[in-house]
Every structure is written in C-alpha cells, then in structure tokens.
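Visitor: Before I ask anything, let me first share the structure, which is written out below as structure tokens.
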Amino acid sequence: MEQINPGKRDGFTSKFGIVAAAAGSAIGLGNIWRFPYVVGESGGGAFLLVYLSFILLLGIPVMLSEFIIGRKAKKNAYGAIKSIAPGTWWPVIGIMGIVAAFVILAFYSTIAGWTLHYVYLSISNGFKGQDAQALENLFGSFMSSATMPLFWQMVFLILTAGIIIAGVKKGIEKYSKILMPFLLLLLISLCIRALTLPGAMDGLVFLFKPDFSMINPQVILSALGQAAFSLSIGMGALITYGSYFPKSTNLSNTAFEVSLADVLIAILAGVAIFPAVFALGMQPDGGVGLIFMVLPNVFQQMPGGYIVAIAFFVLLSIAALTSSISIMEVVVAFLTEEFNLKRKHATVITLIAAAFVGVFCTLSWGTFEHVSIAGRNIFDTLDFTASSILLPLGGLLIVLFTGWYMVKGEIEEELTNQGVLKLKLFRVFMFLIRFVAPVAIAVVFLNGIGLF
Ligand code: PFF
C-alpha cells in the first residue's frame with residue numbers, strides 16, 4: 002500500500018485503512034447490542050425515524066466537524082482545540098471528552114466481556130438444546146454473578162490496551178481493515194434466517210412502522226444519545242482519528258461513508274433481532290440482555306448454527322475492540338501529547354483507571370444491584386451520563402466551535418484539501434453546524450432532562 006503519511010507522528014496509511022479505522026470506531030456494540038435494545042425499549046419504528054433524522058442532520062455534521070478540527074491541528078482532542086483557540090475556554094471540550102471516554106470504557110468493557118463469555122459458551126456448545134426460557138435464565142444468572150463477567154471484562158480491557166500499545170498503523174488499521182467486511186456478511190445471513198422464521202413479519206412491523214404515540218422528550222433524547230454513541234461523536238474520538246488522516250483524505254466523503262456503514266449495520270442488527278424476538282414470543286423491551294437472550298435461539302435454528310454462533314460472537318468482540326481502541330486512544334493521545342508520557346505508560350494508567358470504574362459497572366446486577374441513582378443502577382447511570390449528557394453536550398460545543406469560532410477559510414481549506422477538491426454543499430454544512438445542529442441539540446437535551 003502507498004505510504005501517504007510518512008511524517009514523524011504515527012498515522013493511517015491507505016484510503017481504505019482510514020475509512021475502515023473510522024468505521025471500526027463507529028461500528029461496534031453500539032450498533033449490534035445497544036441499538037436493538039434501545040429501539041426495543043422505545044417502541045420501535047418511530048424511534049428509528051427520529052434516530053435516522055438525527056444521524057443525517059446532526060450526526061454527520063458533528064462527525065465532519067471533528068475530522069476538520071483533528072486533521073487541521075494534528076493533535077489529541079484537547080490539544081487540537083487548544084492549538085486552534087489558544088487562551089480560550091474551548092479546550093474544555095477536550096476535557097469533557099476525556100471524562101466521557103473513561104465512563105464509556107468502563108461500561109463498554111462490561112458488555113464486551115459478556116460478548117467474550119458468549120464466544121466461550123458457543124465454542125463449548127453451551128446453548129445446545131436450551132429453549133427460550135432456559136437461555137434467558139442462563140443469561141440472567143451469568144450477568145448477576147461476579148467472577149466470570151469480571152474476568153472477561155479484564156481480558157477485554159487488556160486486549161484493548163495491547164493493541165493501543167502496538168500503535169496506530171500496526172494496531173488499529175490492520176485489525177479494522179480485514180475484519181469489518183466479514184461482520185457485514187454474517188449479519189446478512191442472520192437476517193435471512195430471522196426473516197424466514199414463522200411470525201417474523203411482526204418484528205419488521207415493530208421496527209419499521211412508526212407509532213408516534215411512543216414518542217416523548219426522553220425517547221427523543223435517547224435517540225440523540227444513540228445516534229451520538231453509535232457514530233462515536235461528541236467526545237473527540239474522531240478528532241483524534243482525524244489527526245492521523247493524511248492531507249489527501251476527502252473528509253466529507255469519509256464522514257458520509259462511515260455514517261452510512263454505521264446506519265446500515267445498526268438496521269441489519271435490528272432486522273436480525275426483532276423478527277426473532279416476535280417469532281420466539283419474547284418481548285422487545287428485554288433490556289441490556291436482549292441480543293444475548295435472543296440470538297442463541299436463532300443460531301440453534303440455523304444450519305451450521307454452531308459455527309455461525311462462534312463466528313458471530315468472535316466478530317462482535319472484534320467490532321467491540323476496534324471501537325474500544327478508539328475510546329482508549331482519546332485518553333492515551335491526550336496523556337502522551339500533553340504530559341509527555343510514554344505511550345506504554347499512558348496506556349497502562351488508562352487501563353487501570355478504566356478497570357477500576359469498570360468493576361462497579363459489571364457488578365451492577367449482582368453485588369451492587371441495590372445501588373440506585375435516580376432509579377438507575379450503576380451501569381445505566383454511567384451509560385445515561387455518557388450517551389445522553391456528555392456526548393450531546395460535546396457535540397453541541399463541537400459544532401459551535403467549528404461554526405462560530407473557526408474561520409470560514411480554515412474550514413474550506415480542510416474540506417477542499419487546500420483547494421484540491423471541489424467544495425460541495427458548503428453552505429448547507431455551515432447552515433447545519435451554525436444553526437440547525439446547535440438549536441436542535443439544545444432543545445432535545447433540555448427537553449429530555451426536563452429543564453425546558
Ligand atoms: N461507536 C461505538 C459503538 O457503536 O459501539 C462506541 C463509541 C466509540 C462511542 C467511540 C464513542 C466513541 F468515542
């Protein structure tokens with residue numbers, strides 16, 4: 002592959018590598034674990050519609066803004082904003098991003114750990130002959146125990162840290178590039194199986210037919226949070242990745258392609274899950290365990306289901322890894338560049354801190370099941386804080402910064418690669434980041450938390 006970023010700072014090397022790494026960050030548990038369960042709890046089709054509008058009108062503009070900031074400044078999220086706006090309070094965006102990264106890493110590794118355990122269960126043929134009720138019980142007793150979930154969470158965090166230490170090119174790019182296309186194929190085959198189960202149509206109706214009576218300010222905020230979480234926006238992960246992009250990357254195309262791939266995978270996950278949920282006579286609002294309870298059923302009803310189950314959970318674990326490395330990279334890039342720490346030391350510090358908070362998340366259904374903050378357990382509290390508060394606020398500040406603080410010429414330079422590319426839809430983009438996105442995010446946020 003052509004070496005297009007030969008500078009001293011580590012960076013991505015090929016066009017496909019760039020899109021794959023950014024898509025690798027976006028596509029993860031957010032699409033396959035979180036999307037179906039949030040749709041299921043929020044009543045289906047109407048949520049999907051709101052979610053898709055947010056991706057288009059708010060998500061893509063925030064993503065593009067992050068790429069612009071990152072590639073222009075070539076620094077970590079905090080350092081990038083500080084170098085564009087020295088002596089101002091704007092770099093607080095970077096600090097919020099670091100906090101969000103820790104919070105997400107803590108609960109993300111819980112679910113990734115569950116996924117690793119399900120790799121183990123599928124290899125040891127642990128679903129065999131179990132009906133829907135038995136699989137629900139299996140999951141319920143696993144999630145509320147302590148040892149295995151914690152063990153797998155630590156395995157996952159250590160794997161993440163290992164790839165981070167290996168560095169951007171050797172680590173992130175290599176893994177993302179090879180594996181994402183496989184996940185897509187596997188999901189398609191799951192969709193086909195789910196759609197041919199008796200009673201599958203009800204699942205499609207649930208997912209695609211909007212019932213607007215299900216919509217309220219909390220559901221709208223949760224759609225915004227899901228859009229932000231799924232696209233990896235609002236905490237500087239894509240500022241950080243943007244800083245590794247070479248001069249020749251077409252930022253607008255990359256933002257479109259990544260968002261499209263992300264939405265596609267989420268919808269496919271929905272099409273694989275909901276028909277099965279209805280066919281099995283289960284409830285769509287099964288909560289955080291939805292995919293772990295439903296999919297093992299589907300695998301058992303497929304030819305080659307034993308292999309498909311293994312492949313699915315392995316690929317899901319890898320998708321989770323390519324996302325979690327982008328989360329950890331936010332903190333590690335910050336620590337190495339702002340405090341001159343060695344990459345290895347920065348990674349180990351981040352790992353220990355995330356593992357500490359992560360333990361409390363993982364024990365939310367067991368040891369700490371009685372801890373409740375405003376009606377949410379520890380896990381849900383951290384997920385809500387990150388997805389529905391920190392990411393939307395981060396996204397709001399990022400579009401305000403790009404739209405109102407940065408000079409128009411600087412933005413144009415990044416979008417056209419110093420005049421090489423044609424400027425397309427520039428007025429639309431500026432209008433979205435200056436007016437539409439800030440107003441919409443502010444209204445949704447204030448309404449959703451009940452302040453408006
Ligand atoms: N987008 C990832 C997913 O859908 O699983 C999660 C994520 C990664 C969120 C990076 C935020 C982030 F900065």
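Residue numbers for the sequence shown follow this note's numbering, so the first one is 2 and each next one is one higher. Even glycine gets a Cβ: it sits at the ideal position worked out from N, Cα and C.
Give every residue of the same chain whose Cβ lies closer than 7 Å to the Cβ of residue 365, excluding the five residues on either side of it in the sequence, and list them in chain order.
Guide: Excluding positions up to five away in sequence, the list reads 378, 379, 380.
Visitor: If you measure from the CB of residue 230, is any heavy atom of the ligand PFF nearer than 7 Å?
Guide: Result yes, Cβ under 7 Å from the ligand PFF.
Visitor: Just the Cα atoms here: how many angstroms apart are residue 190 and residue 265?
Guide: Cα-Cα distance, rounded: 14 Å.
Visitor: State yes or no: is the C-beta of residue 88 nearer than 7 Å to some heavy atom of the ligand MN?
Guide: Absent from the structure shown: the ligand MN. Ligands present: the ligand PFF.
Visitor: Tell me whether residue 215, by its Cβ, gets closer than 7 Å to a heavy atom of the ligand PFF.
Guide: No, the Cβ of residue 215 stays beyond 7 Å of every heavy atom of the ligand PFF.
Visitor: Is the beta carbon of residue 60 within less than 7 Å of some heavy atom of the ligand PFF?
Guide: Residue 60 Cβ: outside cutoff for every heavy atom of the ligand PFF.
Visitor: Here's a check: name, in chain order, each residue in its chain whose Cβ is nearer than 6 Å to the Cβ of residue 306, leaving out the five neighbours to either side.
Guide: Contacts found: 300.
Visitor: Is residue 32 near the ligand PFF, in the sense that its beta carbon is under 7 Å from a heavy atom of that ligand?
Guide: Residue 32: yes, Cβ under 7 Å from the ligand PFF.
Visitor: From residue 227 to residue 449, what does the alpha carbon distance come to, in whole angstroms?
Guide: Near 13 Å, if we compare the C-alpha coordinates of residue 449 and residue 227.
Visitor: Start and end of the alpha helix (DSSP H) containing residue 293?
Guide: Its alpha helix (DSSP H) spans residues 291 to 301.
Visitor: Let me check you understand the geometry: is the CB of residue 105 closer than 7 Å to at least one non-hydrogen atom of the ligand PFF?
Guide: The answer is yes for residue 105.
Visitor: Should residue 410 be labelled buried (16 or more other beta-carbon atoms within 10 Å of its own) or exposed?
Guide: Burial call: exposed.
Visitor: Out of 359, 218, 284, which has the shortest C-alpha to C-alpha gap to residue 151?
Guide: Nearest option by C-alpha distance: 359.
Visitor: Three-state secondary structure (DSSP) at residue 10?
Guide: Coil at residue 10, not helix or strand.
Visitor: Can you look up residue 2 in the DSSP assignment and give me helix, strand or coil?
Guide: Any answer about residue 2 is weak, because its pLDDT of 34 lies below 50 and its placement is not dependable; what the coordinates show is given next. Coil, per DSSP.
Visitor: Hey, how far is the Cα of residue 19 from the Cα of residue 293?
Guide: Looking at the two C-alpha atoms, the distance is approximately 31 Å.
Visitor: Tell me, which residues are paired with residue 374 by DSSP?
Guide: Residue 374 pairs with 377.
Visitor: Please go through the same chain and pick out, in chain order, the residues whose beta-carbon is closer than 7 Å to the beta-carbon of residue 347, but skip the five residues on each side of it.
Guide: Here the set comprises 333, 336, 337.
Visitor: Does the pairing of the region 236 to 256 with the region 67 to 81 give three or more beta-carbon distances under 8 Å?
Guide: Short answer: they touch.
Visitor: If you compare alpha carbons, which of 303, 314, 89, 223 is closest to residue 42?
Guide: When each option's Cα is compared against that of residue 42, the closest is 223.
Visitor: Please tell me whether residue 322 and residue 160 are closer than 8 Å, where the distance is taken between their beta carbons.
Guide: Closer than 8 Å, so yes.
Visitor: Along the chain, which unbroken stretches of the beta strand (DSSP E) at least 3 residues long are found entirely within the region 164 to 243?
Guide: None, since the region 164 to 243 contains no complete beta strand (DSSP E) of that length.
Visitor: Taking residue 252 as the reference, which of 34, 64, 133, 10 has the closest Cα?
Guide: Comparing Cα-Cα distances from residue 252 to each of 34, 64, 133, 10, the minimum goes to 64.
Visitor: Comparing the CB of residue 328 with every heavy atom of the ligand PFF, is any distance shorter than 7 Å?
Guide: Residue 328 Cβ: within cutoff of the ligand PFF.
Visitor: Alpha carbons only, please: which of 16, 38, 22 is nearest the one belonging to residue 286?
Guide: It is 38.
Visitor: When DSSP labels each residue in this structure, what does residue 28 get in the three-state scheme?
Guide: In this structure, residue 28 counts as coil in the three-state DSSP scheme.
Visitor: Any heavy atom of the ligand PFF closer than 7 Å to the CB of residue 181?
Guide: No - the ligand PFF has no heavy atom lying nearer than 7 Å to the Cβ of residue 181.
Visitor: Considering just the uninterrupted stretch of the alpha helix (DSSP H) at residue 245, what are its terminal residues?
Guide: Looking at the DSSP string, residue 245 is not in any alpha helix (DSSP H), and its letter there is neither H nor E.
Visitor: Between 433, 12, 26, which has its C-alpha nearest residue 239's C-alpha?
Guide: Minimum Cα distance to residue 239 is reached at 26.
Visitor: For residue 384, which residues of its own chain have a beta-carbon under 6 Å away from its beta-carbon, when the five flanking residues on both sides are left out?
Guide: The residues are 108.
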